[in-house]
Amino acid sequence: MRRRSLFLVIATVLMTGGCQKDSNHESSAGNGPTEIKIHKIYQGPYPIKVVCTTGMVADLVRHVGQKHVRVKQLMGAGVDPHLYKASPGDVRQLHDADLVFYSGRHLEGKMTEIFASLARKKPTFAVTAKMHDDRMMQDEDGEHDPHLWFDVALWSQGIDLILDVLVQFDPSHQAEYEANGAAYRKTLAELHDYAKTQMARIPKDRRVLVTAHDAFRYFGRAYDVEVRGIQGISTESEAGVREINALVELLCSRRIKAVFVETSVSEKNVRALIEGCQARGHRVVVGGELYSDAMGEEGTPAGTYPGMIQHNVDTIVKALQ
Ligand SMILES: [Zn+2]
Numbered sequence: 017m018r019r020r021s022l023f024l025v026i027a028t029v030l031m032t033g034g035c036q037k038d039s040n041h042e043s044s045a046g047n048g049p050t051e052i053k054i055h056k057i058y059q060g061p062y063p064i065k066v067v068c069t070t071g072m073v074a075d076l077v078r079h080v081g082q083k084h085v086r087v088k089q090l091m092g093a094g095v096d097p098h099l100y101k102a103s104p105g106d107v108r109q110l111h112d113a114d115l116v117f118y119s120g121r122h123l124e125g126k127m128t129e130i131f132a133s134l135a136r137k138k139p140t141f142a143v144t145a146k147m148h149d150d151r152m153m154q155d156e157d158g159e160h161d162p163h164l165w166f167d168v169a170l171w172s173q174g175i176d177l178i179l180d181v182l183v184q185f186d187p188s189h190q191a192e193y194e195a196n197g198a199a200y201r202k203t204l205a206e207l208h209d210y211a212k213t214q215m216a217r218i219p220k221d222r223r224v225l226v227t228a229h230d231a232f233r234y235f236g237r238a239y240d241v242e243v244r245g246i247q248g249i250s251t252e253s254e255a256g257v258r259e260i261n262a263l264v265e266l267l268c269s270r271r272i273k274a275v276f277v278e279t280s281v282s283e284k285n286v287r288a289l290i291e292g293c294q295a296r297g298h299r300v301v302v303g304g305e306l307y308s309d310a311m312g313e314e315g316t317p318a319g320t321y322p323g324m325i326q327h328n329v330d331t332i333v334k335a336l337q
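The sequence shown runs contiguously to residue 337 in the working numbering.
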C-alpha cells in the first residue's frame, strides 16, 4: 500500500517534469491565464524563439518584439485554425520555443490540450486573454466567437499582453518593446479608422456581408455592417438546406449584388447560394475572396495583418458600393 502511493508520488513528479515553479502559466483551455507573471528572466541567446499559431498572432508579436524575437508561425496561408491539428514537427517546435502565443477563445479548437501542457513548462499565452470581456461576442448557442482580429481596435489590445510578457521575460529591452508597441498601436488605430471610413461609403441598406462561415461578427459590429455566415462560427458545423434557403431569401428581397468566398473555407456553400438566387431570377456574383481565418501568402500584400484587413475592406466596398 505504502509502496504504491510512493510510486504514484514519484510518477506524478516525473510527469509534471518538476515545473511547479511555472504553475502561473497554467492555462484554462480557451482563454489562458489573464494574469501575466513570469518568474524566470531570459538570459539569451538572442533572438528569442517564439512560436505562434496564426499569422495574425505572429504579426502582433513580430511588431512588438522586432529584432529581438524570431517568430515561427505554425499556420500559413489558407489554413483553417478551427480544424488544425499540430503535426509532430509543430510539437517539436513548440517544445523548443522560449515563448508561445496563440489566439485563444477556442479558435485553435484541436490544440487545447497542447497549450495546457505547454503552459506548465514555459510562458504560453493567448493574445486575446486580456481583451475586455464586455467586448466579447457569442453566437445564438452561447459559443464564444473567436474572430476578434476583425475589430482592429479590439485586436490591438493584444499588443498590451505581448508587451507585458516580453517586458517581464526580457526586461533588458523594455524601452524598445514599449516604443515598438506604441508605434504599432498607432498604425492599427489608423487602420481601424480607414476601415470605418471606407465601409461607410456603402449605402446602409446594401451594407450586408454574406460569407461562407460566420467569421465576421466582430467586423460587422466595428464597422456597422449586417453580417450573415452560411456556416456557424466554427467551420466544423454543417450548413443546412434551411440556412441556405433563408440566405437566398435575404439576398433576393434586399437585392444584394454580391457574396464572398473565404481563402480558408470551401466555396461549395457559396455556390449553392448563387444558384439558389439564380433560380429565383436574382443575379448575385462572387464579390471576391476574403481572408477570414488566415492571412495571405508571405510576401504578398495580404500577407500582413494590416494588408489582410485592407484587402477585405477594399474588396467589400468595391463589390457592394
Ligand atoms: Zn473561423
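Quick reminder that beta carbons are idealized off the backbone N, C-alpha and C, glycines included.
Task: For Thr-331, the first and last residue of its enclosing beta strand (DSSP E) - done: For Thr-331, there is no enclosing beta strand (DSSP E); the residue is found in the alpha helix (DSSP H) stretching over 321-336.
Task: Stretch pair the region 181-197 + the region 121-128: three plus CB contacts closer than 8 Å - done: Contact between the region 181-197 and the region 121-128 is absent, because fewer than three Cβ pairs lie under 8 Å.
Task: Straight-line Cα distance separating Ser-133 from Glu-283 - done: Using only the alpha carbons, I get a separation of about 36 Å.
- [ ] Counting only the same chain and skipping the five closest in sequence on each side, list residues whose C-beta sits under 7 Å from that of Leu-263.
- [x] Closer than 7 Å at Cβ, skipping near neighbours: Val-226, Arg-244, Ile-246, Leu-289.
Task: Close beta carbons around Pro-413, own chain, < 6 Å, minus the five adjacent residues each side - done: The structure shown has nothing for residue 413, since the chain only spans 17 to 337.
- [ ] Taking only the alpha-carbon atoms, compute the straight-line gap between Phe-131 and Ser-269 and give it to the nearest angstrom.
- [x] Rounded to whole angstroms, Phe-131 to Ser-269 spans 46 Å at the Cα level.
TODO: Please state whether DSSP places Arg-19 in a helix, a strand or coil.
DONE: Any reading at Arg-19 must be qualified, since the residue scores a pLDDT of 49, below 50, and its modelled position is unreliable; the value itself is stated next. Reduced to three states, the DSSP call for Arg-19 is helix.
TODO: Could you name the residues of the same chain whose beta carbon sits closer than 7 Å to that of Lys-65, not counting the 5 residues immediately before and after it, in chain order?
DONE: Within the same chain, Arg-86, Asp-112, Ala-113, Asp-114 come within 7 Å of Lys-65 by CB-CB distance, once the 5 residues on both sides are set aside.
Open item on the list: Any heavy atom of ligand 1 inside 8 Å of the beta-carbon of Ser-282?
Closed with: Not under cutoff, so the answer is no.
Open item on the list: Between Ser-308 and ligand 1, is there a pair consisting of the residue's CB and a ligand heavy atom that are separated by less than 8 Å?
Closed with: Because some heavy atom of ligand 1 lies under 8 Å away, the Cβ of Ser-308 counts as near it: yes.
Task: Any non-hydrogen atom of ligand 1 within 8 Å of Ala-198 CB - done: No; taking the cut-off as 8 Å, the Cβ of Ala-198 has no heavy atom of ligand 1 nearer than that.
- [ ] Compare the Cα-Cα distances from Pro-219 to each of Gln-89, Phe-235, Asp-240, Gly-197 and report the closest residue.
- [x] Nearest in C-alpha terms to Pro-219, of all of Gln-89, Phe-235, Asp-240, Gly-197, is Asp-240.
- [ ] Taking only the alpha-carbon atoms, compute the straight-line gap between Cys-338 and Leu-267 and give it to the nearest angstrom.
- [x] This structure gives no information on residue 338, because the portion of the chain shown stretches from 17 to 337.
Task: Host alpha helix (DSSP H) of Ile-130 (start-end) - done: Ile-130 -> alpha helix (DSSP H) spans 128-135.
Task: Ile-325, buried or exposed, once every other Cβ within 10 Å from all chains shown has been counted against 16 - done: With 16 or more Cβ atoms within 10 Å of its Cβ, Ile-325 is classed as buried.
Open item on the list: Is any non-hydrogen atom of ligand 1 found closer than 8 Å to the C-beta of Leu-351, if you look at the structure I gave you?
Closed with: Outside the shown range of the chain, which is 17 to 337, sits residue 351, and nothing can be said about it.
TODO: Report the partner residues of Val-73 according to the DSSP bridge assignment.
DONE: According to DSSP, residue pairing for Val-73 in a beta bridge does not occur.
Open item on the list: Counting only C-beta atoms, is Asp-112 closer than 9 Å to chain B at any point?
Closed with: In the structure shown, chain B cannot be found, because there is only a single protein chain.
TODO: Grab me the residues of His-189's own chain with a C-beta within less than 6 Å of its C-beta, minus the 5 sequence neighbours each way, in chain order.
DONE: If we look at His-189 and ignore the five residues flanking it on each side, its Cβ neighbours are His-84.
Task: Pair within 9 Å by beta-carbon distance, Ser-119 and Val-80 - done: In this structure, Val-80 does not lie closer than 9 Å to Ser-119 by Cβ.
Task: Contact check, Gly-312 vs Ile-332, beta carbons under 9 Å - done: Result no, Cβ atoms of Gly-312 and Ile-332 do not sit closer than 9 Å.
Open item on the list: I'd like the span of the beta strand (DSSP E) that includes Ile-246, first residue to last.
Closed with: Where Ile-246 is concerned, the enclosing beta strand (DSSP E) stretches over 242-247.
Open item on the list: So for Glu-183, helix, strand or coil by DSSP?
Closed with: Sequence check: residue 183 is Val here, not Glu. Residue state, collapsed to three classes: helix.
Open item on the list: Using C-beta distances below 7 Å, list every residue in its chain close to Arg-217, excluding the 5 sequence neighbours before and after it, in chain order.
Closed with: For Arg-217, where only same-chain residues beyond five positions count, the Cβ hits under 7 Å are Val-333, Gln-337.
Open item on the list: Could you give the first and the last residue of the continuous beta strand (DSSP E) run that contains Val-302?
Closed with: 301-306 is the extent of the beta strand (DSSP E) around Val-302.
Open item on the list: Looking only at its chain, what residues have a beta carbon closer than 6 Å to the beta carbon of Gly-94, apart from the 5 residues adjacent to it on each side?
Closed with: Sequence-distant Cβ neighbours of Gly-94 in its own chain, meaning closer than 6 Å and more than five residues away, are Thr-279, Ser-280, Ala-310.
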